[in-house]
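In the numbering used here, the protein residues as written are 15 to 282.
Notes follow once the structure below has been shown.
In structure tokens, the structure reads:
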């Protein structure tokens, strides 16, 4: 491996560790052969998230357009002077990730730049692009070129990503509405959001979790523990969210404390 690629992969790793201790813990439980590619995927995803979620004083649309152009140029030319994009293009080209996955992800990021009401179709499209395809990128790495295995595990991987994202929506419903004027759940009026509607959403999440767990059980053994750790983190967060009424979701962000995350990490 050449020096610049190694430096770029190290940059993706450092970015991941700085932004997400939970995700970093999950990566450490994967087989080492997966680490660099998964860090590269997370680094790419995080840069796009930062553009749409935090760079409010900037021209976010222009930044995202430039980021999209730089991403595709890096993939096509197999090099970028942006070390995060250089490591991502390496992962994309090494594991033959479909451009459709990247297109869908960047389109969901673009959706976050405009206030919109999410009907059922847009809701599903957003979840696919913002969460499910990230799981599919990781699945490409785990399957290491085995296309039949990838296709077999694909539906359950999508279900797991969907469950994670819907839990994020519930956890962040207060900030999404107050800071961005947005509620992702179709047909939900934030001011009139009821505990019964919350329970219906939770039932939908549980069905996704059930499918996702089936997929985890069929993963390559070297990938199983890391994905199971993420599953256990989110199951615990889901349990805590189910225990609180809508009124509390509107007043505080429910989270799993670090000590509890450590216990989950040690148990898995």
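Beta carbons: idealized from backbone N, C-alpha and C, even for Gly.
Quick caveat: nothing in here was measured; it's all calculated off a predicted structure.
Length-filtered (4 minimum) alpha helix (DSSP H) runs lying within the region 57-93: 74-91
If you drop the 5 nearest sequence neighbours on each side, which residues of the same chain put their C-beta closer than 6 Å to that of residue 223? Taking the chain shown and counting its residues from 1, one reaches residue 223 at position 209. The residues are 177.
Span of the alpha helix (DSSP H), counted from its first residue to its last, around residue 182: Along the chain shown, one-based indexing puts residue 182 at 168. 161-185 is the span of the alpha helix (DSSP H), which, as asked, contains residue 182.
Taking the Cβ atom as the reference point for each residue, do residue 119 and residue 155 lie within a distance shorter than 9 Å? Numbered from its first residue, the chain shown carries residue 119 at position 105. Numbered from its first residue, the chain shown carries residue 155 at position 141. Contact: no.
CB contact flag (residue 238, residue 230, <9 Å): Sequence index remark: in the chain shown, residue 238 carries index 224 (1-based). Sequence index remark: in the chain shown, residue 230 carries index 216 (1-based). Cβ distance < 9 Å, so residue 238 and residue 230 count as in contact.
Closer than 8 Å is the cut-off here; do at least three beta carbon pairs connect the region 195-211 with the region 169-187? yes
For residue 90, which residues of its own chain have a beta-carbon under 8 Å away from its beta-carbon, when the five flanking residues on both sides are left out? What you label residue 90 is simply residue 76 of the chain shown in a count that begins at 1. Here the set comprises nothing.
How many angstroms separate the CA atom of residue 25 from the CA atom of residue 208? Numbered from its first residue, the chain shown carries residue 25 at position 11. Numbered from its first residue, the chain shown carries residue 208 at position 194. Computed Cα separation, rounded: 44 Å.
Just to confirm my understanding: we take residue 279, look at its own chain, exclude 5 residues before and 5 after, and list those with CB closer than 6 Å. What are they? Here residue 279 refers to the residue found at position 265 of the chain shown. 39.
Find out if the Cβ-Cβ distance for the pair residue 61, residue 81 is shorter than 9 Å. Here residue 61 is taken as the residue at index 47 of the chain shown, counted from 1. Here residue 81 is taken as the residue at index 67 of the chain shown, counted from 1. Contact: yes.
Counted within 10 angstroms of its Cβ, other Cβ atoms place residue 18 as buried (16 or more) or exposed: What you label residue 18 is simply residue 4 of the chain shown in a count that begins at 1. Flag for residue 18 reads exposed.
Give every residue of the same chain whose Cβ lies closer than 7 Å to the Cβ of residue 133, excluding the five residues on either side of it in the sequence, and list them in chain order. Here residue 133 refers to the residue found at position 119 of the chain shown. Contacts found: 200.
Taking Cβ to Cβ, would you say residue 173 is nearer than 9 Å to residue 225? Counting from 1 along the chain shown, the entry for residue 173 is found at position 159. Counting from 1 along the chain shown, the entry for residue 225 is found at position 211. Yes; because the gap between Cβ atoms is below 9 Å, this pair is in contact.
Tell me whether residue 107 counts as near the ligand ZN, meaning its Cβ is closer than 8 Å to at least one heavy atom of that ligand. Within the structure as shown, the ligand ZN is missing, as the structure has no ligands at all.
Does the beta-carbon of residue 114 have 16 or more other beta-carbons within 10 angstroms, so that it is buried, or is it exposed? Within the chain shown, residue 114 is the residue found at index 100, counting from 1. Classification of residue 114: exposed, given that the 10 Å Cβ count is below 16.
Helix, strand or coil: how does DSSP classify residue 8 here? What is shown of the chain runs 15 to 282, which leaves residue 8 out entirely.
Is it a yes or a no for the region 97-109 touching the region 46-65, going by three-plus beta-carbon pairs under 8 Å? yes
Compare the Cα-Cα distances from residue 121 to each of 160, 63, 157 and 166 and report the closest residue. Here the question's residue 121 lines up with position 107 in the chain shown. Residue 121 has its Cα closest to that of 63, out of 160, 63, 157 and 166.
Residue of 260, 153, 240 and 267 minimising C-alpha distance to residue 206: By one-based count along the chain shown, residue 206 stands at place 192. Nearest of 260, 153, 240 and 267 to residue 206, Cα basis: 260.
Is the beta carbon of residue 256 sitting closer than 9 Å to the one on residue 216? Within the chain shown, residue 256 is the residue found at index 242, counting from 1. Within the chain shown, residue 216 is the residue found at index 202, counting from 1. Yes.
Who are the near neighbours of residue 275 in its chain, counting only those whose CB is closer than 7 Å to its CB and skipping five residues on each side? As a first step, residue 275 is located in the chain shown; it is residue number 261 there, counting from the start. Excluding residues within five positions, the ones whose Cβ falls inside 7 Å are 36 and 247.
Whose C-beta lies closer than 6 Å to the C-beta of residue 88 among residues of the same chain, with five residues either side of it excluded? Position 74 of the chain shown holds residue 88. Around residue 88: 94, 99 and 103.
Measure the C-alpha to C-alpha separation of residue 232 and residue 46 and round it to an integer number of angstroms. On the chain shown, residue 232 is found 218 positions in, with the first residue counted as 1. On the chain shown, residue 46 is found 32 positions in, with the first residue counted as 1. Going from the Cα of residue 232 to the Cα of residue 46 covers about 19 Å.
Is residue 50 buried or exposed, if buried means 16 or more other CB atoms sit within 10 Å of its CB? By one-based count along the chain shown, residue 50 stands at place 36. Buried.
Taking residue 12 and residue 27 to be in contact with their CB atoms under 8 Å, please state how far apart those CB atoms are, rounded to whole angstroms. Outside the shown range of the chain (15 to 282) lies residue 12, about which nothing can therefore be said.
Residue 226 - containing alpha helix (DSSP H), residue span: Taking the first residue of the chain shown as 1, we reach residue 226 at position 212. First-last of the alpha helix (DSSP H) with residue 226: 209-231.
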